[in-house]
Amino acid sequence: MLSPEGFRETYSEADLAEELPNSPIGSLRDLQYLYGKLYTLATTGGGEYAPYLTPDAADDLIDTEDSLIAVRVDVSNDQPRLATDNIGPIQLTRYTDGLVQQVSHCKYSAARGIDHSVTHQAGRNSDPEKLARYAKERLTAWAMDDVVQKVAGAHDDGWIIDQLAELAENEQVLESIEDGVIKSLGGESATALLTVQVRTEPNGEYRWPGEIDVFLEAMRERKLSKLVTKNKANDSSGDATDLVTGRPSRTVGTSEDPQNYYLGKQLEKFPGLDIEEAWRSHPISEDAAVTVMNAEAFVEACTYRTFGTKVYYLPYFFGRISPEKAYNLYGLLYRALSGDEDTTPIEDAYIKRRELDIDEADLRFYVSAVMPHQMSRYDVFGETLNGRLQYPRELAFTHNRLVENISAFNTQNDWTAPLPTNESWDLISTNNQRLHSVSTGWYFYQTFGERDDADADADDPRIEALVSVLGGEPIPVEILLGEYVDRIISEETDDEYDEFPSFLVASQFAQLCALADGDLGLLTTTDPSKEPITREPRYEEHTMDIPDSLATDGGYPAETKLESFIEDTPALTPLSGEESVTSERRGAFLLGALVGDIGSYQEYSEDRSTTLVDQYPVKSITRSRIKKITQETIAKTLTYTRQEKKGGKSYPGTKAEHIVDRLRETILDPDPDEWEIGTDDLRFYYALGITYGMNDHPDWNQTETDQQADLEEDY
Amino acid sequence: MGQESLEQWSNDGDNGESADSTEVPDRCLSITIRGPWGHFRRIEGNIVKQTYRIIPRTTVAGLLAAVMGIERDGYYELFSPGNSAIAIEPVREIRTINMPMNTLSTSAGNLQSLNGRGKISVKLPDPTTLRQQHNYEVLVEPAYRIDVSLANDERYRELRNTLEAGKSHYVPSLGLSEHLAEIEYHGNFEVETDHGGDQTEVNSAVPNAVEDVVLEPGTRCQVEESPAFMRRDAGGRTTAGFTAYTYNPDAGPLTVKNVDPARVDGRTVVFV
Chain A
1 MLSPEGFRET
11 YSEADLAEEL
21 PNSPIGSLRD
31 LQYLYGKLYT
41 LATTGGGEYA
51 PYLTPDAADD
61 LIDTEDSLIA
71 VRVDVSNDQP
81 RLATDNIGPI
91 QLTRYTDGLV
101 QQVSHCKYSA
111 ARGIDHSVTH
121 QAGRNSDPEK
131 LARYAKERLT
141 AWAMDDVVQK
151 VAGAHDDGWI
161 IDQLAELAEN
171 EQVLESIEDG
181 VIKSLGGESA
191 TALLTVQVRT
201 EPNGEYRWPG
211 EIDVFLEAMR
221 ERKLSKLVTK
231 NKANDSSGDA
241 TDLVTGRPSR
251 TVGTSEDPQN
261 YYLGKQLEKF
271 PGLDIEEAWR
281 SHPISEDAAV
291 TVMNAEAFVE
301 ACTYRTFGTK
311 VYYLPYFFGR
321 ISPEKAYNLY
331 GLLYRALSGD
341 EDTTPIEDAY
351 IKRRELDIDE
361 ADLRFYVSAV
371 MPHQMSRYDV
381 FGETLNGRLQ
391 YPRELAFTHN
401 RLVENISAFN
411 TQNDWTAPLP
421 TNESWDLIST
431 NNQRLHSVST
441 GWYFYQTFGE
451 RDDADADADD
461 PRIEALVSVL
471 GGEPIPVEIL
481 LGEYVDRIIS
491 EETDDEYDEF
501 PSFLVASQFA
511 QLCALADGDL
521 GLLTTTDPSK
531 EPITREPRYE
541 EHTMDIPDSL
551 ATDGGYPAET
561 KLESFIEDTP
571 ALTPLSGEES
581 VTSERRGAFL
591 LGALVGDIGS
601 YQEYSEDRST
611 TLVDQYPVKS
621 ITRSRIKKIT
631 QETIAKTLTY
641 TRQEKKGGKS
651 YPGTKAEHIV
661 DRLRETILDP
671 DPDEWEIGTD
681 DLRFYYALGI
691 TYGMNDHPDW
701 NQTETDQQAD
711 LEEDY
Chain B
716 MGQESLEQWS
726 NDGDNGESAD
736 STEVPDRCLS
746 ITIRGPWGHF
756 RRIEGNIVKQ
766 TYRIIPRTTV
776 AGLLAAVMGI
786 ERDGYYELFS
796 PGNSAIAIEP
806 VREIRTINMP
816 MNTLSTSAGN
826 LQSLNGRGKI
836 SVKLPDPTTL
846 RQQHNYEVLV
856 EPAYRIDVSL
866 ANDERYRELR
876 NTLEAGKSHY
886 VPSLGLSEHL
896 AEIEYHGNFE
906 VETDHGGDQT
916 EVNSAVPNAV
926 EDVVLEPGTR
936 CQVEESPAFM
946 RRDAGGRTTA
956 GFTAYTYNPD
966 AGPLTVKNVD
976 PARVDGRTVV
986 FV
């Protein structure tokens, strides 16, 4: 296959423009056709028969010992006979790069019969007897095949095939071939292509099949015959409009699709449930069908697996493809085919096109997530022709920027972060593998509810979220909250549970913030009360250490921090106007913060094994219980305040007063009995509050972080 | 009354096989069709069930034929290029979900003959067998504003009367019979040609102009190619033409260069 540079050298812009499709990409078939075209140009070159050949099928045989066996036939006299020159009737040689075109192999699925071309590929390490049989079949089976015979009857050089067929009737000749093959192999097994060489002129050269038009024509007809006779159809063809070129042509109904979305045998799609009529509903011209089939190598190169599905990720350029874009596209596909298998096509594309602006919209991807049930039965779970490099890339950048720069996530020795960062947690540390994480779906795997991989459903939200991000479509906030809460609850109820999963919650929140980024706009909702969640938080970038003096002017650092966190989080403080559900959400967050704060105090100062955090797990939080839990938590706070003050500590007001005061305000108005907030919404922000509260302890931070890190390793 | 002469009616007088040329009629009927669900199976798949986002032109023709009560395979000429013009505008954000459905096998072994020895025999899937679950991609609350014109005056009036009366001969549906459609009739409108300069904001999906659409930041722009014309032949029907629609999935306008759009009821549309 040509390298991208070689491709550019071989095909000038003008030449390439001739070969490229004349209409813009409008469907999956258009895209496959373009891939097939590029593949053919890069392997067998242009020309009438190029799309029909499969030059890569025997790729691994190139330049190996004994990889090509030719039966040499002389038809230059009246009587056909085997070669009698000094090479003899059988030539055993190496299949070299230079012979690929000449041998003109056209493979057909091994399970389904002999290859379309006179050249045939034997199985791995076939024994000499088997190879001898295959060698004979070049004459007995191929030359006598119905379709080949029909071509022979119509072609000027058909007599060459007739002569081969005549030779096939001669037992002695067949024995000579058999003896010749076995003898030349010296009893050894071999992996080889078998073909013929024919001399048609006295004193002429023995020519390879690729040099004799009638062989190529017969090969083509054999391949075409399969486009209309698969799956018990006799002749599914007719005159219609080719769905690729839009031109009237003879169209075929049972052609193959590299992605197997289209298989001949699904009757219900066809008029009158008749497979012979398949071409009416899927009219594709013979040439287009064959070109589409040739897309397979590129299509397969642009896939990866995630969540038990196979994800197709096919790059293309929006609109009509120019030669310049075709060179670029070829480069992308070439790299996907020959490159590192661990990277997704989007990462490969990124390597070359990292300078792309988010508004540059012409590089697109066809994306689909396919769940295979059986060979011929599978479902597409998410699909778009409009995947874009920019969205996953920007999401990866935005997430890293948030984690690195934004004060809400910043850790300082003397200034505890509202939310922790942790090197061992992918989503709360900066990571240069983020694009991989986003484009493979691992990004959501870490935060969404856990499922059995083997059983990904049609409505698996992880796949939905993945395809949405790849296509730049917003994800409903409701789905995220539901998934987040599911995951938190399942972590909390896990047998090995011994800590509140605060790093998980922090990860989820970081993800939520990244998706809400204003430029990306990857969050949506149909519920006006959740609309503030879709808005980008305005956390200030952290530029300098916070001086201790902040605390000396009578202010309390924790209070300032809580204040600014709430103010900068639109989900907790809407821009203006109606804020009933937002204040309920803020109430849930503050309750969580108090539970987290007091819970940590219980654990580290009181050495309690069961704390408020354990007492009020996320799944216990409902609208109807909020009031009671708030009362009990505040009561507990007062108990500890009294206890500490008795013990000699002195501070004004109550313990965690900055939270308690705000909590009192929000929980009273409106009364929780009248709250309207959804349960997932309520629970997630309660969990976020716990994470905040537990983490807002500069003195304890060190111990806590270590323990959580240990936990993560088992995770 | 017969057919109005095409010279009067469209830009190019031949009954143009070229599906690309934009036919601008002088009047049209305008309706909105909507429903809770829709599924217009894409032809690239038969074992997978993905849907077109924009209702295909052939489906619109079939739907309107159903309104008028024209039989199967009986309406392709009426809606052929040169005899008809249709503009399609999505009027709600286009959204899909996956809907798993239980289906019966249609493989030969699983088909039962009904009235096998009688004159009329039908083969049906055996309803007692186990179902297989398949995922259908389904449009959620699809809604399209359709502007349609027919060169055949008689049919045009018939369609107008039926729509005005809020009647329909067959039950209209969006792709599959179970996805019922509701039709809202807006009226009979003059069509004005619009030579609005180099760039025009077009409300409808734009046919066959992928490279003339101006890609703008913040405006989503997608493309899909679907069957546009059918032709009757001895064996039934064949697809005679496709259209690649460029559209904004958020149901907003797209800015397009080099098109000859038409003005209908204060909106800018492109007919095909």
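In order, the protein sequence lines correspond to chains A and B.
The C-terminal residue of the first sequence carries number 715 in the working numbering, and the numbering is unbroken.
The C-terminal residue of the second sequence carries number 987 in the working numbering, and the numbering is unbroken.
Heads up, the beta-carbon is just placed ideally off N, CA and C, and yes, glycines get one too.
In this text, all values refer to a predicted model and were calculated from it rather than measured experimentally.
Query - Beta carbon proximity, B:Lys764 to chain A, threshold 9 Å - result: yes
Requested in this report: Show which residues of chain B have a CB atom less than 7 Å away from the CB atom of A:Ser281.
Outcome: Ile758
Query raised in the report: Where does the unbroken beta strand (DSSP E) through B:Met814 begin, and where does it stop?
Result: Unbroken beta strand (DSSP E) run through B:Met814: Thr811 to Thr818.
Report task. For the alpha helix (DSSP H) containing B:Cys936, list its first residue and its last residue. Result -> Looking at the DSSP string, B:Cys936 is not in any alpha helix (DSSP H), and its letter there is neither H nor E.
Report task. Return helix, strand or coil for A:Trp142, following the three-state DSSP convention. Result -> Per DSSP, reduced to three states, the secondary structure at A:Trp142 is helical.
Query - C-alpha gap between A:Thr245 and A:Asn22, whole angstroms - result: 8 Å
Requested in this report: Along the alpha helix (DSSP H) that carries A:Ile223, what are the first and last residues, could you check?
Outcome: In the sequence as presented, Ile is not what sits at residue 223 of chain A; that position holds Lys. That run of the alpha helix (DSSP H) goes Asp213 to Thr229.
Query raised in the report: Under 9 Å between C-beta atoms, does B:Thr954 make it to chain A?
Result: yes
Query raised in the report: To which residues of the same chain is A:Ala165 closer than 6 Å at the C-beta, ignoring the five residues directly before and after it?
Result: Ala143 and Met144
Query raised in the report: Do you know how far the Cα of A:Gly308 is from the Cα of A:Ile62?
Result: Straight-line measurement puts the Cα of A:Gly308 at about 35 Å from the Cα of A:Ile62.
**Report entry** Contact belief for B:Leu826 with B:Thr844 at Cβ below 8 Å, rounded distance in angstroms
**Finding:** Actually they are not in contact, since the Cβ atoms of B:Leu826 and B:Thr844 sit about 10 Å apart, beyond 8 Å.
**Report entry** A:Arg207: contacting residues in chain B (beta-carbon distance under 7 Å)
**Finding:** Close to A:Arg207, with beta-carbon spacing below 7 Å, lies no residue of chain B; the smallest spacing is near 41 Å.
Query - Runs of alpha helix (DSSP H) lying entirely within the segment 150-183 of chain A, each at least 4 residues, in chain order - result: 158-168
Query raised in the report: Cα separation between B:Leu969 and A:Ala278?
Result: 36 Å
Requested in this report: Run down chain A in chain order and give the residues with a C-beta less than 9 Å from the C-beta of B:Gly951.
Outcome: Pro271, Gly272, Glu277 and Arg280
Query - Within 7 Å of chain B by C-beta, residues of the segment 314-347 of chain A in sequence order - result: Here the close residues are Gly319 and Arg320.
Query raised in the report: Curious, which full-length alpha helix (DSSP H) runs of at least 4 residues does the segment 275-346 of chain A contain?
Result: The alpha helix (DSSP H) runs of length 4 or more contained entirely in the segment 275-346 of chain A are, from start to end of the chain, 278-281, 286-293, 296-301 and 323-338.
Query raised in the report: How is B:Gly753 classed by DSSP in three states: helix, strand or coil?
Result: strand
Query - CA-to-CA distance, A:Arg364 to A:Ala458, given in whole angstroms - result: Whole-angstrom Cα-Cα distance: 24 Å.
Query raised in the report: Is the CB-CB distance between A:Phe503 and A:Glu492 below 9 Å?
Result: no
Requested in this report: For A:Glu383, go through chain B and note every residue whose CB falls closer than 8 Å to its CB, in chain order.
Outcome: Gln765 and Glu852
Requested in this report: Identify the contact partners of A:Val367 in chain B, using a Cβ-Cβ distance below 7 Å as the criterion.
Outcome: Residues of chain B passing the Cβ test: none, with the nearest at roughly 12 Å.
Query raised in the report: So what does B:Ile748 bridge to, in DSSP terms?
Result: B:Tyr859 and B:Ile898
Query raised in the report: List, in order along the chain, the chain A residues whose C-beta lies closer than 9 Å to that of B:Phe794?
Result: Neighbours of B:Phe794 on chain A: none; closest Cβ ~15 Å, over 9 Å.
Query raised in the report: Any idea if A:Asp714 is buried or exposed, counting beta-carbon neighbours within 10 angstroms, 16 or more meaning buried?
Result: Confidence is the limiting factor: at A:Asp714 the pLDDT is only 35, short of 50, which leaves the residue's position unreliable, though a coordinate-based value still follows. Looking at its Cβ environment, which holds fewer than 16 other Cβ atoms inside 10 Å, A:Asp714 is exposed.
Query - Partner residues on chain B for A:Asp379, Cβ-Cβ distance less than 7 Å - result: Around A:Asp379, the beta-carbon contacts reaching into chain B at under 7 Å are Val763, His849 and Asn850.
Query raised in the report: What is the DSSP secondary structure of A:Ile677, counted as helix, strand or coil?
Result: coil
Query raised in the report: If A:Leu663 and A:Leu590 are in contact, beta carbons under 8 Å, what's the gap, nearest whole angstrom?
Result: 4 Å
**Report entry** Simplified DSSP state of A:Asn695, which is helix, strand or coil
**Finding:** helix
Query raised in the report: Taking the alpha carbon of A:Ala70 as the point to measure from, which residue in A:Ser27, A:Ser104, A:Ala135 and A:Tyr316 has its own alpha carbon closest?
Result: The candidate whose alpha carbon is nearest that of A:Ala70 is A:Ala135.
Query raised in the report: Among B:Asn830, B:Phe755 and B:Gly902, which residue has its Cα nearest to the Cα of B:Asp980?
Result: B:Gly902
Query raised in the report: Run through DSSP, which three-state label would A:Asn400 get?
Result: helix
Query raised in the report: Of the residues that make up the segment 5-33 of chain A, which ones have a beta carbon closer than 8 Å to any beta carbon in chain B?
Result: Ser23, Pro24, Ile25, Gly26, Ser27, Leu28, Arg29 and Asp30
Query - A:Lys130 versus B:Arg952 - alpha carbon distance - result: 49 Å
Query raised in the report: Would a C-beta distance cut-off of 9 Å place A:Arg535 and A:Leu562 closer than the cut-off?
Result: no
Query - Contact with chain A by B:Phe957, beta-carbon distance below 9 Å - result: yes
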